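J.:
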Amino acid sequence: MNLLQYWRERTVYGRLAGKGILGMNCRNIRYISRYNPRTLYPLVDDKLKTKTLALEHGVNVPDLIGVIDNQHDVRKIAKMTDGIPGFCIKPAKGSGGKGILVIDRVVDGVYYKTNGQPISLQDIQRHISNILAGLFSLGGKTDFALVESLIKVDDAFRQFTHEGVPDLRVIVFRGFPVMSMMRLSCASSKGKANLHQGAVGVGISMDTGGAVRAVQSGRPVTHHPDTKQPLSELVVPQWIGMLELACACYDMTGLGYLGVDLVLDKNRGPLLLELNARPGLSIQVANNAGLLPRLRRIESIKKPEKFPIVERVAYSRTHFAAQSDL
Amino acid sequence: MSKSVSSTRVPLYVLVLGLIGAGLFLTFYRHYTFDVPWLPDAKRQIWSIEAKVEFEALGQPVKLSLAVPDNQPGFERVSEHTASPGYGLAFVDEGVKRRAEWSIREAKGRQTLYYQVDMLFDEDSFNVTEGVPPVIETVTYAGPEQTAVTQLLQRARARSADAFTMTRELIAEFNNETQLAQLLVQQKSRERRLVEMLNLAGIPARVVQTLFLEDGRRRQTLVSYLQVFSGDQYALFDPQTGQQGQMENQLLWEQNSSSLLDLVGGRDSAVTFSIISQEVPASRIYQEKVAHLKNAMDFSIHSLPLEEQAMFKGILLIPVGVLVVVIMRILVGIRTSGTFMPVLIALAFIQTSLITGLVGFFLIVGVGLMIRSYLSRHNLLLVARISAVIISVIVIIAAFSVLAYGLGLAEGLKVTFFPMIILSWTIERMSILWEEEGAKEVFIQGGGSLLVAVLAYLVMINPIVRHLMFNFIGLQFVFMALVLMCGNYTGYRLSELRRFKHLVQER
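Below you can see the structure in the form of structure tokens.
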């Protein structure tokens, strides 16, 4: 008995288990392989399919300007984006934000990236060729390029980002949002919003949408490293709408353990950016909380499909609230 | 860490238990029934001797009889095989004589028959020199021959005390009295004459055909020796020098004064011998001895031909390497590039030895990455790009082999053991990783792969592991069960304890 107590209280393993931190093996066996049928993966691994599906289900997504699916059409990019001040080129099957090129403005035939660096039309065309060749896709499969209109960062986030668009990651389990975090790009992440590339992860309380805790490269932070804005002031606007959008993604895909990436557009409100059938575990670090207790609570619900979206959001806001550490 | 076992897991646990049960049963069965030891034991020396009989067949029925060696002090026959397509074969024991007899209804042209025997060298019994003496045959001489024989025997007897010293002195006389000796060897061979004269003096003796065993020798022939008896003790004598005693590498191939080869229906026959020495664990010797005790329950690789056995020696080790990968990835959490690439690299290391292997790996992958980074500028399609990398890898390997050979580094030639397709994929993956995630990730995953490969290599070259995996096929089921159990592990990986540590140590 003593030994068990020692294991629980003194060892890292026991204390992580006690806190309900979800590990990779457990995520794969208990959640992904049990709740995510493999046949549904193509819906989320291909951004064009996700987009089509979202439009069918009335889930808002960034506007699609066009699709380039063969080398011959690469030259059409100039005509396609003619008169559009800013756009974004993405590989349809890319993962982790790889291969995304954001053009902020076009002045006299010169394209400018978000960091102000000018690039030529040839550079853009070569980038599209690389996308088509499968340079950014999983397993190097041939791919196609999506051209989307730019997202305009909501004023509430303007102080909390460096170059990139901050996005909200919500883990949706059997249709219930269980945990969320904001990912803020910064100079050291080179405008990328991935935590392992140095972006700031901000845990978000499920009831209010307010920041709970923030980490960068595994260390707690209190202010945005570039803008020096105190992160305690970060509150996600239209919080309920964001959560409802996340829940709707479960309804449209059927994936039980889903990572939903959302953005808030200044004009259009919450938009679905992409879906992930194998969402990472860093969200627990950003929230300083384990996923397991929340997942178990949802697993104990006998018939989750009986809950409409509004009730699911209300349930999560009641049960998964957290106090701010900031 | 829920304590309840989900009902869907029960069939898996039953399967795991069943596999472990079956595996352990087979393993213990083999241990107790076939006496296969748990640990590899002391190596014993086995001489494999191949007699190659060649002759010109005349298009008639052919009957061929070859003297073959029997157990004798110092040597124990472990197994024998023949290769003689189309021929009927029988081993004939005529009292103490042992012969292999081949026969065929009709044969024409050059014929080649093989007889191979494995003789186990046994140091303990080597000094035992007991045998059944041959019957004394008295030959009568006439004229000058009789004079010569009598003269030689008288001198030898005068200077000797017993049968062995008599033999030695007689051979010395033969060497001294060259004229008398010349007279005697005109009709019969020196050895035959010596035996006749010893018989005349009442000493049992005979001519034996011996073979000097030297590793890797080919086209050897038999050497005649004298075997002289004193009571039931015998000694060997070199008929040329009179030297007494048997060398440790001297095998008595034929010891019954009969011919080495009798051939009917052919001509121009010749027998040559090839010899190799092997260090073999005692368990294998036992295996070969009980080879005829085949049993339905004997799921042993040892029942396969030698060439296939050698192949399975490598194949049966793969589960060990695979388990190392499973443990390192699932329990430890090391990232590798390509799931089982480390196992294949480890198999290559077994062929090349570790240091050569590591150097070769770094050279090939390093140069490959440089070529690949050049290729990436051309926006090639994936299949073409990988193909180009494969060809580059082959050229690199060829270049290194030629360079190493030119510099006199025989070790360098071993780079050809690397699996080229796998290396090409490794280069491709690392290159993409470099472009996408940067050099750091390449070193993490590349280092992880090499670490796992080296660990798998160290486990796979362990003699105990090799012995167990090769001899106990039941262990394959146990490994299967272990892998299934790992696949069911929902706890934290070691790397996650580090990753999440600060979540529980802050307060």
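Which chain is which? The protein sequence lines are A and B, in order.
Just so you know, we're using our numbering here: the first sequence kicks off at 974 and counts up by one.
Just so you know, we're using our numbering here: the second sequence kicks off at 8 and counts up by one.
Virtual Cβ for every residue (Gly too), placed ideally from N, Cα, C.
Just so you know, these numbers come straight off a predicted model, no measurement behind them.
1) Buried or exposed: which applies to ILE1213/A, given that a residue is buried once 16 or more other Cβ atoms fall within 10 Å of its Cβ?
2) Measure the alpha-carbon distance for PRO140/B versus ARG162/B and round it to whole angstroms.
3) In angstroms with no decimal places, state the Cα-to-Cα distance between LEU489/B and SER1102/A.
4) Between ASN998/A and chain B, is any beta-carbon pair separated by less than 9 Å?
5) Output the boundary residues of the alpha helix (DSSP H) element that contains PRO1210/A.
6) For LEU989/A, return the contacting residues in chain B, with the cut-off set at a CB-CB distance below 9 Å.
7) Would you mind working out which of CYS1220/A, ALA1262/A, VAL1283/A sits nearest VAL1032/A, comparing C-alpha positions?
8) Secondary structure at TYR499/B, three-state DSSP: helix, strand or coil?
9) Go through the region 977-1061 of chain A residue by residue and report every complete run of the alpha helix (DSSP H) that reaches 4 residues or more, in order.
10) Residues of chain B with CB closer than 9 Å to the CB of VAL1191/A, please, in chain order.
11) Quick one, are the C-beta atoms of THR119/B and VAL60/B less than 9 Å apart?
12) In three-state terms, what does DSSP make of VAL1075/A?
13) Beta carbon of TYR4/B, beta carbon of LEU989/A: below 9 Å?
14) Beta-carbon of LEU1268/A versus every beta-carbon of chain B: anything under 9 Å?
15) Taking C-beta to C-beta, are THR185/B and GLN227/B nearer than 9 Å?
16) Along the chain, where does the alpha helix (DSSP H) that runs through SER408/B open and close?
17) My understanding is that PHE62/B touches ASP275/B, with C-beta atoms under 8 Å, so please give their C-beta distance in whole angstroms.
18) Just checking, does the region 1276-1289 of chain A make contact with the region 14-24 of chain B on the three C-beta pairs under 8 Å criterion?
19) With a threshold of 9 Å between beta-carbons, can TYR986/A be considered close to chain B, or not?
20) Counting only beta-carbon separations shorter than 9 Å, does GLY1056/A have a partner in chain B?
21) Note down, in chain order, every chain B residue with its Cβ under 7 Å from the Cβ of GLY1107/A.
22) On the premise that GLU203/B lies in contact with ASN256/B, defined as a C-beta separation below 8 Å, what is that separation, rounded to the nearest angstrom?
23) What are the residues of the region 312-345 of chain B that lie near chain A, defined by any Cβ-Cβ distance shorter than 8 Å?
24) Taking beta-carbon pairs under 9 Å, can you tell me which members of the region 1257-1282 of chain A lie near chain B?
25) So with Cβ pairs under 9 Å, would you call TYR122/B a contact of chain A?
26) Taking the C-alpha atoms as reference points, what is the distance between PHE98/B and GLN123/B?
27) If we count the other Cβ atoms within 10 Å of its Cβ and call it buried at 16 or more, is ASN1261/A buried or exposed?
28) I want to verify the contact list: residues of chain B whose CB lies under 7 Å from the CB of ILE994/A, in sequence order.
29) By a C-beta neighbour count over all protein chains shown, 10 Å radius and 16 as the cutoff for buried, is LEU354/B buried or exposed?
30) Taking only beta-carbon positions, decide if ILE439/B is within less than 9 Å of chain A.
31) Determine the closest residue to LYS1020/A out of GLY987/A, THR984/A, LYS1063/A, with distance taken between C-alpha atoms.
32) Given a cut-off of 9 Å on the beta-carbon distance, is the pair VAL929/A and MET1154/A in contact?
33) With a threshold of 9 Å between beta-carbons, can THR1115/A be considered close to chain B, or not?
34) Just the Cα atoms here: how many angstroms apart are GLN1202/A and SER1093/A?
35) For the putative contact between SER231/B and PRO246/B, defined by C-beta atoms under 8 Å, what is the C-beta separation to the nearest angstrom?
36) Between MET492/B and VAL327/B, how many whole angstroms is the CB-CB distance? I'm expecting something under 8 Å.
T.: On the basis of the coordinates in this document:
1) Counting of Cβ neighbours within 10 angstroms places ILE1213/A among the exposed residues, the total staying below 16.
2) Rounded to the nearest angstrom, the two C-alpha atoms are 25 Å apart.
3) Per the coordinates, the alpha-carbon of LEU489/B lies some 46 Å from the alpha-carbon of SER1102/A.
4) At least one chain B Cβ lies under 9 Å of ASN998/A.
5) No alpha helix (DSSP H) holds PRO1210/A; DSSP gives it neither H nor E.
6) Under a criterion of Cβ atoms nearer than 9 Å, the residues of chain B adjacent to LEU989/A are, in order, TYR499, GLU503, LEU504, PHE507, LYS508, LEU510, VAL511.
7) With distances taken between Cα atoms, VAL1032/A lies closest to CYS1220/A.
8) TYR499/B falls in the coil class under three-state DSSP.
9) Whole alpha helix (DSSP H) segments, 4+ residues: 985-992, 1014-1018, 1020-1029, 1050-1053.
10) The question names Val, yet the displayed sequence has Gly at residue 1191/A. Below the 9 Å Cβ cutoff, chain B contributes ARG506, HIS509 as neighbours of GLY1191/A, in chain order.
11) Result yes, Cβ atoms of THR119/B and VAL60/B sit closer than 9 Å.
12) Strand at VAL1075/A.
13) There is no way to answer for residue 4/B, as the model of chain B reaches only from 8 to 514.
14) No, its Cβ sits nowhere closer than 9 Å to a Cβ of chain B.
15) THR185/B is not a Cβ neighbour of GLN227/B, given a cutoff of 9 Å.
16) For SER408/B, the enclosing alpha helix (DSSP H) covers residues 389-413.
17) Going by Cβ atoms, the distance from PHE62/B to ASP275/B rounds to 6 Å, so yes, they are a contact pair.
18) Taking 8 Å as the limit for Cβ pairs, the verdict is that the region 14-24 of chain B does not touch the region 1276-1289 of chain A.
19) By the rule that beta-carbons nearer than 9 Å mark a contact, TYR986/A touches chain B.
20) No - not a single Cβ of chain B is within 9 Å of the one on GLY1056/A.
21) Among the residues of chain B, those whose CB is under 7 Å from the CB of GLY1107/A are LEU389, following chain order.
22) Actually they are not in contact, since the Cβ atoms of ASN256/B and GLU203/B sit about 29 Å apart, beyond 8 Å.
23) From the region 312-345 of chain B, only ILE337, GLY340 have a Cβ closer than 8 Å to chain A.
24) Listed in sequence order: GLN1257, VAL1258, ASN1261, ALA1262, GLY1263, LEU1265, ARG1269.
25) By this cut-off, TYR122/B is not an interface position.
26) PHE98/B and GLN123/B have their C-alpha atoms roughly 13 Å apart.
27) Buried is the call here.
28) Result: PHE507, LEU510.
29) Counting Cβ neighbours within 10 Å, LEU354/B comes out buried, since at least 16 surround it.
30) Yes - at least one Cβ of chain A is within 9 Å of the one on ILE439/B.
31) Of GLY987/A, THR984/A, LYS1063/A, the residue nearest in Cα terms is LYS1063/A.
32) Outside the displayed range of chain A (974 to 1299) lies residue 929/A, so it cannot be described from this structure.
33) Yes - at least one Cβ of chain B is within 9 Å of the one on THR1115/A.
34) When rounded, the distance between both Cα atoms is 35 Å.
35) About 6 Å; that satisfies the 8 Å criterion.
36) Contact between MET492/B and VAL327/B is absent: CB atoms are separated by about 16 Å, not below the 8 Å threshold.
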